[in-house]
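Visitor:
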Amino acid sequence: MTDKKREGGYADRVQLAYAKTLDYVAHSVIIVMAVGYLLYLTELLPLTVPIETIAGNWHLSSAHLQAKLNLPCGWECFTSPAGLFHGDIASYISVIFLSLATLICLASAVTVFISEKKHLYSAIATLQVIVLLVAASGIMSGGH
Amino acid sequence: MKISVTRRLMIPAAAVGALLILMMPAMPLLAAAPAAAPGTAWWVWVLALFVFSFVLGIVAVLAGVGGGVLYVPIVSSFFPFHLDFVRGAGLLVALAGALSAGPPLMRKGLADLKLGLPMALVGSISSIAGALVGLAMPAQNVQLLLGIVIISIAAIMIKAGKSGYPEVTKPDRLSQLLQISGLYYEEFGQHEVSWRVHRTPVGLLLFFVIGFIGGMFGLGAGFANVPVFNLLMGVPLKVAVATSGLVLSINGSAAAWVYLFKGAVLPLIAVPSIGGMMLGSKIGAKLLPKVNTRTIRLIVITILALSGFRSLLKGLGI
């Protein structure tokens, strides 16, 4: 038996779907993060807050830093008055993408669980997606 | 090819030595002025963080511990960043590591969704709660508790045993209801291993506690997930390690949103940490067959205990 066949033989459809999605997402995250950070550090795109200002205040707590610099939090980066085309915003969006990765994989798992009529795990995976959606909505964190 | 004893000892010694050397320049700077670190350009810290995370990635794989659990206590002790940003970056480091390792483990049936999902569901809820509590508490208290937790983790790592193929004579009712069992191919012995679990309700309770701690301190929780799966629930070690990554990715993702919405994630700090750790982990995985992992694990546990002790002192204002 080849390794490839052996691998498939010990994982069911939902595991394989999850793995395939995760493979795509993980690679995309790495590329997006690298590009975003390059844009940030090289200042190829303008910055909403200069790096020196961030570095001069990174000893402050997140609450104090927010009060002082009013950096975008959560989804605010997409609605920032400064606009999307800023190096620091691009890098921040790449971090948001990383945080969304698991949600995307779980959504793919839910569709397979449902198509295979595995009701119990459809419910558990759906509940898990809801928990992550609630977290991503910022409701629990007092976000916007 | 036979690897000489000298070479087996040299590689881990070099990796740990590099880690210690990287920690040293930060100490006097922090002792003098942890807040501003005057005279040090921002890029020096960012570069140091990248190199440090890279070495940490190598050492973590060689020592068989999660990168996240090493990252938070050491970076918060020796770099000038506020603990909030270190915890936010730590969660993302653990999340990125678990995601990148995930696909092959899922395909081989080692990371098991039926085992991981119920645990992650309770763990993700508590990790959100932990993150909220951790960010609401004064940093000094969190630092103090972090010190206690890290020293306890070091003790667990020394004390906890592991079992390759634990015997489960009678699966519990909940695991039967959830159909938690599996089969995988053991490449080392070239045979199939079938497994089932017991004590699932206690496992769920412990994953709730682990999720809370992970969210509160920004730690990857592999140090606790693996013993609960393996020693308590009777999951084979390889499945326990792989499924721990799956649980960690879900819990880490849930708690990361809290840190994002509370403004506790700075890409300037988080991205080089993630990049360094991921690159280092890949190198570590390649070095793994060539080194004496027992020696390096002992050294890393000692470093972990020392950084826990330093966190404790910082928390006490000493």
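Listed in order, the protein sequences are those of chains Z and V. Throughout the first sequence, residue numbering follows the numbering used here, covering 176 to 319 in sequence. Throughout the second sequence, residue numbering follows the numbering used here, covering 340 to 657 in sequence. Even for Gly, the Cβ is constructed at its ideal location relative to N, Cα and C.
(1) Against chain Z, which members of the segment 584-596 of chain V pass a CB distance test of less than 7 angstroms?
(2) Less than 9 angstroms between CB atoms is the rule here; does Phe546 (chain V) satisfy it with respect to chain Z?
(3) Between Val604 (chain V) and chain Z, is any beta-carbon pair separated by less than 9 angstroms?
(4) Once you ignore the five residues that flank Val574 (chain V) on each side, which residues in its own chain have a CB closer than 8 angstroms to its CB?
(5) Could you check how far apart the C-beta atoms of Gly486 (chain V) and Leu585 (chain V) are, in whole angstroms? I think they sit under 8 angstroms.
(6) Does the distance from the C-beta atom of Val304 (chain Z) to that of Leu278 (chain Z) stay below 9 angstroms?
(7) Give the interface partners of Gly396 (chain V) over in chain Z, defined as CB-CB distance under 8 angstroms, in chain order.
(8) Any beta carbon of chain Z sitting closer than 9 angstroms to that of Asp511 (chain V)?
(9) Which whole-angstrom value is the C-beta distance of Ala694 (chain V) and Ala609 (chain V), which I expect to be below 8 angstroms?
(10) Closer than 8 angstroms is the cut-off here; do at least three beta carbon pairs connect the segment 594-609 of chain V with the segment 462-469 of chain V?
(11) Using the three-state DSSP reduction, which class does Glu218 (chain Z) fall into: helix, strand or coil?
(12) Looking at C-beta atoms only, is the number of pairs between the segment 277-296 of chain Z and the segment 193-210 of chain Z that lie closer than 8 angstroms three or more?
(13) Determine the closest residue to Glu526 (chain V) out of V:Gly448, V:Phe547 and V:Lys498, with distance taken between C-alpha atoms.
(14) Looking at C-beta atoms only, is the number of pairs between the segment 293-308 of chain Z and the segment 217-231 of chain Z that lie closer than 8 angstroms three or more?
(15) If we call anything under 9 angstroms between Cβ atoms a contact, is Leu240 (chain Z) one with Gly602 (chain V)?
(16) Could you give the C-beta distance for Met572 (chain V) and Thr539 (chain V), rounded to a whole number, given that I count them as a contact under 8 angstroms?
(17) Please report the residue range of the alpha helix (DSSP H) in which Leu522 (chain V) lies.
(18) Counting only the same chain and skipping the five closest in sequence on each side, list residues whose C-beta sits under 7 angstroms from that of Gly503 (chain V).
(19) By DSSP, does Arg535 (chain V) sit in helix, in strand, or in coil?
(20) Could you give the distance in angstroms between the alpha-carbon of Ala310 (chain Z) and the alpha-carbon of Gly557 (chain V)?
(21) Could you list which residues in chain V have their beta carbon closer than 9 angstroms to that of Val254 (chain Z), in chain order?
(22) Does the segment 545-553 of chain V come within contact of the segment 413-426 of chain V, defined as at least 3 CB pairs closer than 8 angstroms?
Guide: A quick look at the data gives this:
(1) Ser588, Ile589, Ser592, Ala593, Ala595 and Trp596
(2) The residue given as residue 546 (chain V) occupies position 207 in the second sequence. For Phe546 (chain V), the answer is no, since every Cβ of chain Z falls outside 9 angstroms of its Cβ.
(3) In the second sequence, residue 604 (chain V) corresponds to position 265, counting from 1. Yes, Val604 (chain V) lies at the interface with chain Z (some Cβ there is under 9 angstroms from its Cβ).
(4) What you label residue 574 (chain V) is simply residue 235 of the second sequence in a count that begins at 1. Here the set comprises Leu454, Pro505, Trp534, Val536, Phe568 and Thr582.
(5) As a first step, residue 486 (chain V) is located in the second sequence; it is residue number 147 there, counting from the start. As a first step, residue 585 (chain V) is located in the second sequence; it is residue number 246 there, counting from the start. Their Cβ separation, rounded to whole angstroms, is 29 angstroms, which puts Gly486 (chain V) and Leu585 (chain V) out of contact at 8 angstroms.
(6) On the first sequence, position 129 is the one that residue 304 (chain Z) refers to. On the first sequence, position 103 is the one that residue 278 (chain Z) refers to. Yes, the Cβ-Cβ distance between Val304 (chain Z) and Leu278 (chain Z) is below 9 angstroms.
(7) On the second sequence, residue 396 (chain V) is found 57 positions in, with the first residue counted as 1. Against Gly396 (chain V), chain Z offers no close residue; the least beta-carbon distance is about 14 angstroms (beta-carbon pairs closer than 8 angstroms).
(8) Position 172 of the second sequence, counted from the first residue, corresponds to residue 511 (chain V). Not one chain Z Cβ lies under 9 angstroms of Asp511 (chain V).
(9) Because chain V here runs from 340 to 657, residue 694 (chain V) falls outside it and cannot be looked at.
(10) yes
(11) As a position in the first sequence, residue 218 (chain Z) is number 43, starting the count at 1. Reduced to three states, the DSSP call for Glu218 (chain Z) is coil.
(12) Result yes; three or more Cβ-Cβ pairs closer than 8 angstroms.
(13) Stepping through the second sequence from its first residue, residue 526 (chain V) is reached at position 187. Checked all of V:Gly448, V:Phe547 and V:Lys498; the closest Cα to Glu526 (chain V) is V:Gly448.
(14) These segments do not touch.
(15) As a working mapping, residue 240 (chain Z) is identified with position 65 in the first sequence. As a working mapping, residue 602 (chain V) is identified with position 263 in the second sequence. Against a cut-off of 9 angstroms, the Cβ pair of Gly602 (chain V) and Leu240 (chain Z) comes out as a contact.
(16) As a position in the second sequence, residue 572 (chain V) is number 233, starting the count at 1. As a position in the second sequence, residue 539 (chain V) is number 200, starting the count at 1. Met572 (chain V) to Thr539 (chain V), Cβ: 7 angstroms. Contact.
(17) Residue 522 (chain V) sits at position 183 when you count from the first residue of the second sequence. Note, Leu522 (chain V): premise wrong, no alpha helix (DSSP H); beta strand (DSSP E) at Ser520 to Glu525.
(18) Translated into positions along the second sequence, residue 503 (chain V) becomes position 164. Correct list, in chain order: Pro575 and Leu576.
(19) Looking up residue 535 (chain V) in the second sequence gives position 196. Three-state result, Arg535 (chain V): strand.
(20) Against the first sequence, residue 310 (chain Z) aligns to sequence position 135. Against the second sequence, residue 557 (chain V) aligns to sequence position 218. Spanning the two alpha carbons is a distance of roughly 16 angstroms.
(21) The sequence position of residue 254 (chain Z) within the first sequence is 79, counting from 1. Position check: residue 254 (chain Z) holds Thr in this sequence, whereas Val was assumed. From the beta-carbon of Thr254 (chain Z), no residue of chain V is found nearer than 9 angstroms; the closest lies around 14 angstroms away.
(22) no
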